[in-house]
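S.K.:
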Amino acid sequence: MNSWIDTLVDKKKLTSIFNDEEPSLYNVDIHDVIFHRDGPRISIRFNLRDYPSSPPKKWKLQKYNTVQLQLTAIDVKDVKLSGWSKTNYLVNLNVSMENGFVCICAKDDVFELYIKASFLDVSSVSAYLRSK
């Protein structure tokens with residue numbers, strides 16, 4: 339398992355849009371972290387830095403330029419969150435397998451997130467036109 343995509347329960351949602359490209363989790367813009375008591379689950383919604391070279395036709399027609407991804411950690415075993423005190427979080431998300439669990443880590447000068455879960459799934463993939 340060499341790619342963060344290999345940690346996903348179902349990678350079709352991503353591979354159907356990015357094909358053979360692997361979207362980078364470097365310098366993603368986190369919008370929200372949502373804790374769900376059922377599961378328990380944690381969802382992370384963020385903008386990807388990368389845009390697919392062959393986006394869906396609908397995205398081309400709408401002139402979208404930003405992909406927003408929501409990942410959900412399922413059957414959460416451990417979580418640590420600190421520094422949720424500003425309005426902009428550009429971080430590197432690190433996703434790996436450790437001892438049979440999916441581990442998600444993100445950190446910057448203030449913010450730190452660590453999630454350990456049994457599974458990781460793509461909840462949604464969408465796009466929009468972001469002014470730059």
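The numbering of the sequence shown is the numbering used here, which starts it at 339 and goes up by one. Backbone N, C-alpha and C define an ideal beta-carbon position, used for all residues, glycine too.
Could you tell me whether the Cβ atoms of residue 356 and residue 368 are closer together than 8 Å?
M.R.: no
S.K.: What residue range does the beta strand (DSSP E) around residue 434 cover?
M.R.: 427 to 436
S.K.: Assuming residue 442 and residue 431 make a contact with CB atoms under 8 Å, what is their CB distance in whole Å?
M.R.: 6 Å
S.K.: Does the distance from the C-beta atom of residue 414 to that of residue 438 stay below 8 Å?
M.R.: No.
S.K.: In terms of residues, what are the limits of the beta strand (DSSP E) holding residue 381?
M.R.: Start and end: 379 to 385.
S.K.: Span of the beta strand (DSSP E) holding residue 404?
M.R.: 404 to 420
S.K.: Going by beta carbon distance, what residues of the same chain come within less than 7 Å of residue 403, once the five residues before and after it are set aside?
M.R.: Taken in chain order, the residues that qualify are 389, 467, 468.
S.K.: Taking residue 464 and residue 400 to be in contact with their CB atoms under 8 Å, please state how far apart those CB atoms are, rounded to whole angstroms.
M.R.: Incorrect: roughly 11 Å between the Cβ atoms, too far for contact.
S.K.: Where residue 345 and residue 470 are concerned, what is the direct C-alpha to C-alpha distance, given to the nearest angstrom?
M.R.: 32 Å
S.K.: Quick one: using the 10 Å Cβ neighbour count with 16 as the cut-off for buried, is residue 410 buried or exposed?
M.R.: buried
S.K.: Residue range of the beta strand (DSSP E) that residue 372 falls in?
M.R.: 366 to 374
S.K.: May I ask you to report which of helix, strand or coil DSSP gives residue 356?
M.R.: helix
S.K.: Is the CB-CB distance between residue 387 and residue 354 below 8 Å?
M.R.: Here residue 387 is not near residue 354, since their CB atoms are 8 Å or more apart.
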